[in-house]
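The numbering of the sequence shown is our numbering, which starts it at 6 and goes up by one.
Glycine included, C-beta positions come from ideal geometry on N, C-alpha and C.
What you are looking at is a predicted structure, and each value in this text was computed from that prediction instead of being measured.
Read through the structure below, which is laid out as structure tokens, and then see the notes.
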Amino acid sequence: MRKKSLYVTAFATIAGLVVVAIVVMVQQDEVRAGLLRPEDQRVLALGKTLYAANCASCHGVKLEGQVEDWRSPGPDGLMPAPPHDETGHTWHHTDQILFEITKYGIVAAANLKNYTSAMPVYEGVLTDAEIIAVLSYIKSTWPDEIRRGHDEMNTRYALEPK
Numbered sequence: 006m007r008k009k010s011l012y013v014t015a016f017a018t019i020a021g022l023v024v025v026a027i028v029v030m031v032q033q034d035e036v037r038a039g040l041l042r043p044e045d046q047r048v049l050a051l052g053k054t055l056y057a058a059n060c061a062s063c064h065g066v067k068l069e070g071q072v073e074d075w076r077s078p079g080p081d082g083l084m085p086a087p088p089h090d091e092t093g094h095t096w097h098h099t100d101q102i103l104f105e106i107t108k109y110g111i112v113a114a115a116n117l118k119n120y121t122s123a124m125p126v127y128e129g130v131l132t133d134a135e136i137i138a139v140l141s142y143i144k145s146t147w148p149d150e151i152r153r154g155h156d157e158m159n160t161r162y163a164l165e166p167k
């Protein structure tokens, strides 16, 4: 009887440890789970191509933005396309927010009323994977310090209660 009890206890302990290990691995993956993949060369190659075809005409071939004074409205009253390099503010937003802005547009993503944007909506134009590829390419161009800060912001966001 003691031997059987010992086996049951050992099995329960091992099973419990396995469950804990799985939960920890899943949580770590979720915490790391910014959407973007700036280290994946296949994703970056696709993103660079899609950026050139869909974004560079406004945001610049080198991600430099439409005009130097991108913080002020243009003659048409609309905000110009900002730079996506380290001089812009793209990296101030989480992966999720960047994805939503790209897919649904800034007006819908930020729930802005009475605001007009020149930024097109890419829902139905690019797939979710293609949007992630473009944003991953953009992130891959940022200096390491900015990328680390952006990763930390994504981690904090992932840990926030939803």
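Closest residue to residue i among the options (Cα-Cα distance)
i       : options                              : result
Pro-88  : Asn-59, Gly-39 and Asp-74            : Asp-74
Leu-49  : Thr-107, Glu-165, Gly-82 and Leu-140 : Leu-140
Leu-131 : Pro-148, Asn-59 and Leu-117          : Asn-59
Thr-95  : Glu-44, Ile-19 and Met-158           : Met-158
DSSP three-state assignment for residue i, whether helix, strand or coil
i       : result
Glu-135 : helix
Glu-128 : strand
Leu-103 : helix
Leu-123 : According to the sequence displayed, residue 123 carries Ala and not Leu. Three-state DSSP puts Ala-123 in coil, outside helix and strand.
Arg-37  : Confidence is the limiting factor: at Arg-37 the pLDDT is only 45, short of 50, which leaves the residue's position unreliable, though a coordinate-based value still follows. Arg-37 falls in the helix class under three-state DSSP.
Ser-77  : coil
Trp-147 : coil
Leu-68  : coil
Opening and closing residue of the alpha helix (DSSP H) in which residue i lies
i       : result
Asn-59  : 46 to 59
Val-112 : 111 to 114
Inset, instruction - Inspect the CB distances between the stretch 58 to 72 and the stretch 37 to 48 and report whether three or more fall short of 8 Å. - result: Output reads no: the stretch 37 to 48 does not touch the stretch 58 to 72.
Legend entry - Sufficient close CB pairs (3 or more, under 8 Å) joining the stretch 114 to 125 to the stretch 94 to 101: With the cut-off at 8 Å, the stretch 114 to 125 and the stretch 94 to 101 do not touch.
Inset, instruction - Taking 8 Å as the threshold, find out whether the stretch 50 to 60 comes into contact with the stretch 131 to 147 through three or more Cβ pairs. - result: Because the criterion of three Cβ pairs below 8 Å is met, the stretch 50 to 60 and the stretch 131 to 147 touch.
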